[in-house]
Every structure is written in C-alpha cells, then in structure tokens.
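Numbering-wise (the working numbering), the sequence shown opens with residue 68 and increments by one.
Think of the CB as a built atom: it goes at the ideal place given N, C-alpha and C, for glycine as much as any other residue.
Just below is one structure, and these are the notes that go with it.
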Amino acid sequence: MAISHALDAVARPAVRLIREAPVRGALTFQRGAGPLAVFLPAYGPEGAALLRIHAVARALRSFGWRTVVMPWRLTLAQRRRILAGVRPDILVMQGARHALNRPGLYPGWPIVYDMDDADFHLPHLAEPVSAAMGGVAGVIAGSAYVADWCRAAGVARADVVWTGTAISPGPRVAQADRPGIVAWAQSAPASYMAEASFVREVMARLSRRRPGVRLRLYGRTDRDDPAFLEGFRTAGIKAEWRKKARYRDYLASFDDVAVGLAPLCPAAPFVRGKSFGKVLGYMDRHVPVMASDVCEHGAFFDEKTGVISNDPDVWVNALDRLLGDAAARQTMAEAAFARFRQRLSIGEAARRVDGILREYLP
68 MAISHALDAV ARPAVRLIRE APVRGALTFQ RGAGPLAVFL PAYGPEGAAL
118 LRIHAVARAL RSFGWRTVVM PWRLTLAQRR RILAGVRPDI LVMQGARHAL
168 NRPGLYPGWP IVYDMDDADF HLPHLAEPVS AAMGGVAGVI AGSAYVADWC
218 RAAGVARADV VWTGTAISPG PRVAQADRPG IVAWAQSAPA SYMAEASFVR
268 EVMARLSRRR PGVRLRLYGR TDRDDPAFLE GFRTAGIKAE WRKKARYRDY
318 LASFDDVAVG LAPLCPAAPF VRGKSFGKVL GYMDRHVPVM ASDVCEHGAF
368 FDEKTGVISN DPDVWVNALD RLLGDAAARQ TMAEAAFARF RQRLSIGEAA
418 RRVDGILREY LP
C-alpha cells in the first residue's frame, strides 16, 4: 500500500506536467511582446474547434499575437494554474459545450465568447449560454442569426465572423473527369429529418431522369440505424453512406464528386443559426454547390457561384443540367473557389478576429 501511494504521488505531478506541457511549449517558441490570447475550445481539434479555435489561434500569430489553445482535457485547477502563470490579456471561450467553459469560473480576464451555432436552442445548453451573455465582454458569432440573439440576450457587442478553413494542398480533379456522384456531406444526416426528406425527394426524381446518378452520404457511425440508408435505396436512389473520417480524408473524398448539396430547413430553430458548414469542403475541392436560400447562403452565393433555392423543382432541374455539363460545373466551381479564398479562408477569419479582439484589450 505504501509503495502504491508513493507511485501515485510521483505519477500525478508527472501526468499534470505532460498535460500542461503544450501550453508552456507553445509560449516558449513565440517571440515578441504582442498581446496574449488564450483559447478555451469546446473539444479536441476537429470540426468547429479545429476551424474556429485551433486554426484561428495559429493564424493570429502573423498579426502580432501570442496565442495558446488550452488542452481541452485539463481540469479547472490546471486551467487556473496555467492562466495565473501566463497572465493572458484576453480569453476566447468557445461556447458552452465544454463543462468548464463558463465565464464565471475565470474572473479577472476579459472573455470573448465564440459561438458558431444556435446552441441557445438546445435544451441542455440554453441555460449556460444565456447565463454567459452577462459575463462576457462580447461575442464572435458564426452567423447574423446567432449575433442577433446574443444582442437581444444582453451582450454589449456581437460581431459576425464566418467560419473559415485552410485551403487544402494538391491539384483539384477536373469536373470532366468526375463521375455522376452527388454528395450530401452532413455530419449526422439521420438527425436532420426534414433535410433528409428533401434530399430523398430531389434525388428520387433525379434518378428517374438519370438512372446512373449516385448519392453519397457522410458521417455514419456504429450507432446509426441502417434503415436510414435503406430509405433512400427503396426510393430508387443508388446511395452509399460513408463512415465518419479524418478531415483530410473527408476532403479527399470530394475529388470524385460532381455536385455537393447543402439543404437547410429552418423550421427547426437550431438550423436557423447555421452558416456554411460542409459547404466549405465542397468549395475547397472544386465541387459546385446547391444550397437552400436560408441563413448565410444568400449573403455569399450568387448565380455564378452556386445554385441557391428552396424549390425542389429548381434543385432537380439544376442537378440534371449540371450533371450533363461538365464545363458549367467547372466554371461554377472555380468562381466559388475564388470567392471562398477571398472571404472564407482561415486568413480572412483571423484578420477579422484580430480587429475584434483588439477592441477588447485592456
């Protein structure tokens, strides 16, 4: 027993040092005397945490910031110990999905709240998100809908910064060399029942016109019911449902996709806060986009860069036309990619965040 206690006494500090090492190491290699921002992500480096926290924190260094992303598994005591040691100028907190992302736990620092989705419409997050509005200096929102809600909830300032993404390396496959694959890259499609019904109707009608067309679904997990995929197949659609993959593999999977779908049905309140999501991957890999005319889509796309409509007839006809015209797909994809680089890159997101955060510095 004594040996066990002795080993435990040695192991705990060692584990603590290992977990805290990334923070201290990141600061060691950052030169200069710029302001220090510590980012508190909602989870590990994937999805919105990767794009809005990890990637933006790195990119901010080129704007003169010193930045650190707090490892998301650290305890509150570890977080507080690090903050006391590094003494940041500002904290950037990614929403309330992490139990320790509560402004009241970190007194003494200005906190900017980053919220991509309409988490205030989720029952388990509504209370902590609402409470946070009175404890933060401001909000960086992923859409105008989220920003408007935050202002109404009492926050003094809410700015919109669209989620950006890094531009992936490597050549893009020409549309003329791609088969007739249509992708719906929603990460949890079975939970988007209205959107699934819309896609099923559109693709069933399209399949009668183009028997060779195929639909690719994404984000399957071991918990998903195979009956969801079967519903598409029984509607006469050649469909597959790919398992959830690493982001780089997810992007690479678009290299044989002809058109990418981004339906959103805002009858569900949570959906009203969506911005671009999986559309980023489509544009990055030169996949022309067909999206609903809701949320932020209309503020970005026009007739040259995508097909934006809520009418299933428009979707069916546009898909039929695009699948039969590789040159038109190529032109649309290239126009969207040029605008994507200008307005939805990580560099552009970081430029916007830089200006916003400086407004909150003491």
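For residue i, the three-state DSSP class (helix, strand or coil)
i    : result
G162 : coil
T301 : helix
R290 : coil
A198 : helix
I207 : strand
A151 : helix
D378 : coil
L103 : strand
R267 : helix
Y259 : coil
E401 : helix
D215 : helix
R313 : coil
G231 : coil
E415 : helix
R283 : strand
D183 : coil
D226 : strand
A220 : coil
V240 : coil
A306 : strand
A358 : strand
I252 : Before going further, note that residue 252 is Ala rather than Ile in the sequence given. Of the three classes helix, strand and coil, the one that applies to A252 here is coil, per DSSP.
Spatially closest choice to residue i from the options, by CA coordinates
i    : options                : result
D392 : G131, D369, A243       : A243
G298 : I413, L390, A257       : A257
S197 : A241, D380, P170       : P170
P195 : T288, H165, R146, A223 : H165
A319 : D351, V346, R339       : D351
A204 : W176, A109, L331, G348 : W176
Y180 : R154, I207, L172       : I207
M160 : L107, F407, Y314       : L107
L296 : R277, P278, V266       : V266
L389 : R277, A271, S264, A199 : R277
W308 : Y259, W251, G344       : W251
R283 : A329, F407, A122, G201 : A329
N384 : V153, L273, N377, E113 : L273
H353 : D378, D380, G237       : G237
F343 : V227, R147, K310       : V227
G365 : L331, P293, P379, A144 : L331
T398 : F130, D380, F321, G373 : G373
G422 : A115, G152, F130       : F130
V153 : H191, A100, G111       : A100
A394 : R146, A241, S376       : A241
Y259 : R275, D291, P246       : D291
Below-9 Å beta-carbon distance, residue i vs any chain D residue
i    : result
Y317 : Among the protein chains of the structure shown there is no chain D, as only one such chain exists.
CB contact flag (residue i, residue j, <9 Å)
i    : j    : result
V361 : K341 : yes
A334 : V346 : no
Y285 : S254 : yes
V420 : L127 : yes
G162 : M137 : no
I248 : V269 : no
T230 : R125 : no
W139 : A109 : yes
L428 : P102 : yes
I413 : T232 : yes
Y349 : V356 : yes
I234 : R408 : yes
Y317 : L117 : no
V105 : A416 : no
R406 : F367 : yes
E363 : S210 : yes
R239 : D369 : no
T142 : L172 : no
K311 : R287 : yes
A271 : A302 : yes
G201 : I178 : no
Scan the region 107–140 and note each continuous alpha helix (DSSP H) run of 4 residues or more that stays entirely inside, going in chain order. 122–127
Taking three-plus beta-carbon pairs below 8 Å as touching, is the region 176–191 in contact with the region 207–225? yes
Is the region 221–229 touching the region 389–406, taking contact as three or more C-beta pairs under 8 Å? no
Scan the region 320–356 and note each continuous beta strand (DSSP E) run of 3 residues or more that stays entirely inside, going in chain order. 326–329
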